[in-house]
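Residue numbering for the sequence shown follows the working numbering, beginning at 204 and increasing consecutively.
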Amino acid sequence: MSEPSSEPSYLETPQGRRIAYHLTGGKGPTVVFLGGFRSDMEGTKAVHLEDWCRKRGQAFLRFDYSGHGQSSEDFLDGAIGDWAEDAEETINALVDGPVMLVGSSMGGWISLILSKRLGDKVCGLVGIAAAPDFTEDSMWAGFSADQKVALVEDGRVELASEYSDDPYVITRRLIEEGRSQLVLRLPLVLKFPARFLQGTEDADVDMAVALRLLDHAEGKDLRLTLVKGADHRFSTPECLGLIERAIDDVLTRGGH
């Protein structure tokens, strides 16, 4: 079993992007953590789950999308398709066997994209405050008429962030490219066990998104758990415990 390392390893993708990652050896399937928008692999959930998987001898992978954390590229140059591509290339390069995807926020959307691209390689999924199609249904739909004009004419809009003093910069490319990655407008078949966790006090992803996803997705073993009072971070000890149990449930039901 591999020991924790403070320094990441790096993977060069065919697109020329340098992806930072930590891969923990162990039994399969490999649990893959997919982070959120402007997040990185040093977040509470990613590091906690790495430790949890290591203790149970489960293989685990966390990484930074391009433009995030310790990976190459500028965040403002990226879009959903680029980050899904990073995830796909990283998983295919580093993991031979099946994977269980754990997607947080934007990572939930990317995990759903990967469930189509990776096919039978995906044996299960856990979504944490999953935010499918958020560039269209939250960002674009929430812009004022003036913001939409500014996005088209200036190529960007700045939004206040509750997580940072620096504003969110939303690029025209992020919105327009995101429209080619939408998963709630087409059939979404999940042939494996999937668990979705959602807090009722999430200010970034409304409960309606989780309910819409559960209603839209097709599959024989799909469940949504609503946690009263939990926020978007979903990182309290109780919430982390729920994530652990969801992963264990999916691995057990998937026959692993």
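Cβ coordinates follow ideal geometry from the N, Cα and C atoms, glycine included.
Cβ shell of residue i (< 6 Å), same chain only, five flanking positions each side left out
{"i": "P390", "result": "none"}
{"i": "I283", "result": "G381 and Q384"}
{"i": "F263", "result": "T227, V234, E253 and C256"}
Test item: CB-CB of residue i and residue j under 9 Å
{"i": "V453", "j": "L328", "result": "yes"}
{"i": "S308", "j": "D289", "result": "no"}
{"i": "A223", "j": "Q261", "result": "no"}
{"i": "V250", "j": "I450", "result": "no"}
{"i": "L416", "j": "F395", "result": "no"}
{"i": "L414", "j": "K248", "result": "no"}
{"i": "F236", "j": "L252", "result": "yes"}
{"i": "I331", "j": "F437", "result": "yes"}
Separation of residue j from residue i, as counted between CA atoms
{"i": "T471", "j": "E379", "result": "Residue 471 lies beyond the stretch modelled for the chain, which goes from 204 to 459, so this question has no answer here."}
{"i": "E292", "j": "E404", "result": "34 Å"}
{"i": "G231", "j": "R241", "result": "29 Å"}
{"i": "D243", "j": "H271", "result": "6 Å"}
{"i": "R320", "j": "D299", "result": "15 Å"}
{"i": "W286", "j": "I313", "result": "8 Å"}
Own chain partners of residue i with C-beta closer than 7 Å, once the 5 adjacent residues on each side are dropped
{"i": "G246", "result": "G238"}
{"i": "M410", "result": "Q401, T403 and L429"}
Beta-bridge pairing of residue i - partner residues as DSSP gives them
{"i": "S212", "result": "Y224"}
{"i": "E361", "result": "V372"}
{"i": "A397", "result": "L328 and L425"}
{"i": "F236", "result": "R265 and V305"}
Nearest to residue i (by Cα), restricted to the options the options
{"i": "G311", "options": "K324, R456 and Q401", "result": "Q401"}
{"i": "A334", "options": "Q350, G381 and E421", "result": "G381"}
{"i": "D323", "options": "E339, F278 and P301", "result": "P301"}
{"i": "S209", "options": "H225, E215 and F266", "result": "H225"}
{"i": "A397", "options": "G457, E361 and L354", "result": "G457"}
{"i": "D349", "options": "V360, I446, A332 and C256", "result": "V360"}
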